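Chains as they are written, first to last, in our numbering: chain A, 6 to 95; chain P, -17 to 246.
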């Protein structure tokens, strides 16, 4: 977030903070031993299920693993445009 | 009973051998008895970095193959009391040694010396298993860049699985100037990612290159920033509590002050 605010003011983010951010992400994946293919599959399967309920564009979806203390958190952003009313559809 | 400490990193070229040479020498200068062991079978370099390359007769391979006694394979560093080198074989490879054989050597060396420092090869394969087999503690050397830190994290995981502790971190080739302008991660960033104890920061120092050229470890002449950093780490290894100085320099004023400090 802080990076995008700085970008608004026309300042380039420090490369050291970019490095730290990228490292944190990749190391979390390394530690969990998460395979890229597994993440991609999870991504697709989640999208498949959620598409039944929401309308969203596939390329707006973001999935990340985060570490907080000793636990890992899977954060998935599915910015949706419309909620399907399942009752109406039937 | 002495301590066996493996010096490792995962990634190559971050300063394992330089750190082993300097910490081993520094500990001897602090009146400890030390053996530095080159565990990089097939790609040995600790001998040349320490300037002892012309004096190698036997290697750890000869000891394992019972060609000579362990005590006979140790090369005495004549510049300081209590410092010995056990070289690695250059004509064998890492698979020619078993972890148990390395452990047996370490266990023997620790009965007669205060510190056994093992210079581990890069990588996470057999060479690393051999180097860490006999170790109680580890020093992980990293530089503040993404690839070295990522590899350090892998190695830390393997060391933890092997129940080697404590695992202490050395941040090498630290540039206060680059940290100051936001181009290099600082110690807080590195520690936040790796989550282990920091035992020292070695600032980038061109003297490292010249001392390696000469085969005289930096710590013999203690004027340079790198030498002082290694001496502090060695003191911490002996149990002394010495704070880690703040290397960060912010702005012009600090640069001028540092210039004057150097002049003195």
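We put the CB at the ideal spot given by N, CA and C, even for glycine.
Nothing here was measured: the structure is a model prediction, and the numbers come from that model.
- Around residue 160 of chain P, the same chain offers 166 as residues with beta carbons nearer than 7 Å, after the five sequence neighbours per side are excluded.
- Residue-level contact by beta carbon fails for residue 30 of chain A and chain P, as no gap is shorter than 8 Å.
- Assignment of beta-bridge partners to residue 73 of chain P by DSSP yields no partner.
- Interface flag for residue 76 of chain A against chain P is unset, since no Cβ pair is found closer than 8 Å.
- Taking the Cα of residue 121 of chain P as reference, the smallest distance to any Cα among P/190, P/102, P/222 and P/156 is reached at P/102.
- Interface residue (Cβ-Cβ distance to chain A less than 8 Å): residue 164 of chain P is classified as such.
- For residue 71 of chain A, no Cβ of chain P is located within less than 8 Å of the residue's own Cβ.
- Neighbours of residue 35 of chain A in chain P, taken as residues at a C-beta separation under 9 Å, are given in chain order as 132, 135, 136 and 139.
- DSSP lists P/150 as the beta-bridge partner residues of residue 179 of chain P.
- Taking one beta carbon from each stretch, the segment 27 to 40 of chain P and the segment 191 to 203 of chain P have 3 or more pairs nearer than 8 Å; the two touch.
- Between residue 68 of chain P and residue 20 of chain P, the gap from beta carbon to beta carbon is short of 8 Å.
- Pairing residue 76 of chain P with residue 116 of chain P gives a Cβ-Cβ distance that is not under 8 Å.
- With respect to chain P, the C-beta atom of residue 21 of chain A has a partner C-beta closer than 8 Å.
- At least one C-beta of chain P is nearer than 8 Å to the C-beta of residue 24 of chain A.
- Rounded to the nearest whole angstrom, the C-alpha separation of residue 78 of chain A and residue 12 of chain P is 47 Å.
- As far as DSSP is concerned, residue 143 of chain P takes part in no beta bridge.
- Residue 63 of chain P is positioned such that its CB atom lies no closer than 8 Å to that of residue 55 of chain P.
- For residue 41 of chain A, the enclosing alpha helix (DSSP H) has its first and last residue at 41 to 55.
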